[in-house]
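Structure record follows, encoded as structure tokens.
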Amino acid sequence: MIKFQFMFLLLVVCFVKANAQLQAITKGTAYNFWLRLPEDYQENGYKQPILVFLHGRSLSGTDLNRVKRYGVLYALDKGKEIPGIIVAPQTNRGWDPDRVIEIIDYVLEKYNADPSRVYVCGMSMGGYGTMDVAGKYPDRIAAAVAICGGGTLSYAENLTRVPLWIQHGSADRAVPASESKKIYNAIKKVDQKSDATLTIIPGGTHGSVERLFHQEKIYEWMFSYSKEEEIKQDFSKKKSSWTPPVFKNEFIN
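For the sequence shown, the residue numbers in the UniProt record's numbering are 1 to 253.
Now the structure itself:
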């Protein structure tokens, strides 16, 4: 009985500790957002990278808890270990790059974060938002991952200056893979040697590709870049050897 009570209390402490790390920021920026500080965070210690997650249209609104339903925060809730400071804002319409940068500046001012290691990822509408943030502020973003989205073609030249991993399911009926192909081709037309990769996932639907946020590859890839060094760690073998999974039919946007 004593052992059971001890284990129960230990679980409660762990639960409280995990949830205490996730803070709702509702003042100081145009977008409300979730902030997760890593366990090794120290005010005067190692400067932490910032990872921004932009959600899709279905999570839009004013209820910040909706942002936990899929993506980076959902992966964290399921036990995925992701380093750095995680930021997950909410919009009630399309993403405004200026407002996303406002949040990044807020975090850089208030917390011990590394301005040379700011990363953005997103899905569906958040995939478009990711490309627009990187396209409007290429000097601020170290790397970006856009999943089942697209991009603004007028940003193609700027996007040649940001390492990009664009991913899309071949069976996506909500946002066709042609949207990702358009922006990828526009970037390569400007600079064939630009660090942009397009991965078409066989059988991937609009919702099933959410599972990419639960895998290590996208985080390894993003965190291998730094604006300060402008040098990418050798990740080519890891990426080329990765076989995209075949997904079941699900729907998220």
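We treat Cβ as the ideally placed atom computed from N, Cα and C, and that holds for glycine.
From a predicted model like this one, the values you see are computed outputs, not experimental measurements.
Can you list, in chain order, the residues of its chain with a C-beta nearer than 6 Å to that of ARG36? Leave out the 5 residues immediately preceding and following it.
For this step, residue 36 is matched to residue 36 along the sequence shown. Hits under 6 Å: GLN21, LEU22, ILE86.
Measure the C-alpha to C-alpha separation of MET123 and GLU43 and round it to an integer number of angstroms.
One-based indexing of the sequence shown puts residue 123 at position 123. One-based indexing of the sequence shown puts residue 43 at position 43. Using only the alpha carbons, I get a separation of about 31 Å.
Nearest to TYR70 by CA position, among ILE166, ILE25, HIS206, is which residue?
Position 70 of the sequence shown holds residue 70. Among ILE166, ILE25, HIS206, the Cα nearest to that of TYR70 belongs to HIS206.
Can you round the beta-carbon distance between ALA143 and LYS47 to whole angstroms, since I take them to be within the 8 Å contact cut?
If you number the sequence shown from 1, residue 143 lands on position 143. If you number the sequence shown from 1, residue 47 lands on position 47. Not confirmed; about 17 Å, so no contact.
State the Cα-Cα distance for the pair VAL67 and LEU76, rounded to the nearest angstrom.
Counting from 1 along the sequence shown, the entry for residue 67 is found at position 67. Counting from 1 along the sequence shown, the entry for residue 76 is found at position 76. Going from the Cα of VAL67 to the Cα of LEU76 covers about 12 Å.
GLU210: which of VAL145, PRO138, THR62 sits nearest, CA to CA?
For the purposes of this step, residue 210 is taken as the residue at position 210 of the sequence shown. Ranking VAL145, PRO138, THR62 by Cα distance to GLU210 puts VAL145 first.
Find the nearest neighbour of VAL72 within the set SER226, VAL133, GLY126, judged by alpha-carbon distance.
The residue labelled residue 72 in the question sits at position 72 within the sequence shown. Of SER226, VAL133, GLY126, the residue nearest in Cα terms is GLY126.
What's the call for GLU109, buried or exposed, on a 16-neighbour Cβ count within 10 Å?
Residue numbering aside, residue 109 sits at position 109 when the sequence shown is read from its first letter. So GLU109 counts as exposed.
Who are the near neighbours of THR62 in its chain, counting only those whose CB is closer than 7 Å to its CB and skipping five residues on each side?
Position 62 of the sequence shown, counted from the start, is the residue given in the question as residue 62. Only ASN92 meet the Cβ criterion.
Assuming MET222 and TYR119 are in contact, meaning their beta carbons sit under 8 Å apart, how far apart are those beta carbons, in whole angstroms?
The residue you call residue 222 lines up with position 222 of the sequence shown. The residue you call residue 119 lines up with position 119 of the sequence shown. Indeed, because the Cβ distance is near 4 Å, the residues count as touching under 8 Å.
Measure from the alpha carbon of LYS80 to the alpha carbon of each residue in LYS227, HIS214, ILE218, SER224, then state which is nearest.
Along the sequence shown, one-based indexing puts residue 80 at 80. The shortest Cα separation from LYS80 among LYS227, HIS214, ILE218, SER224 belongs to HIS214.
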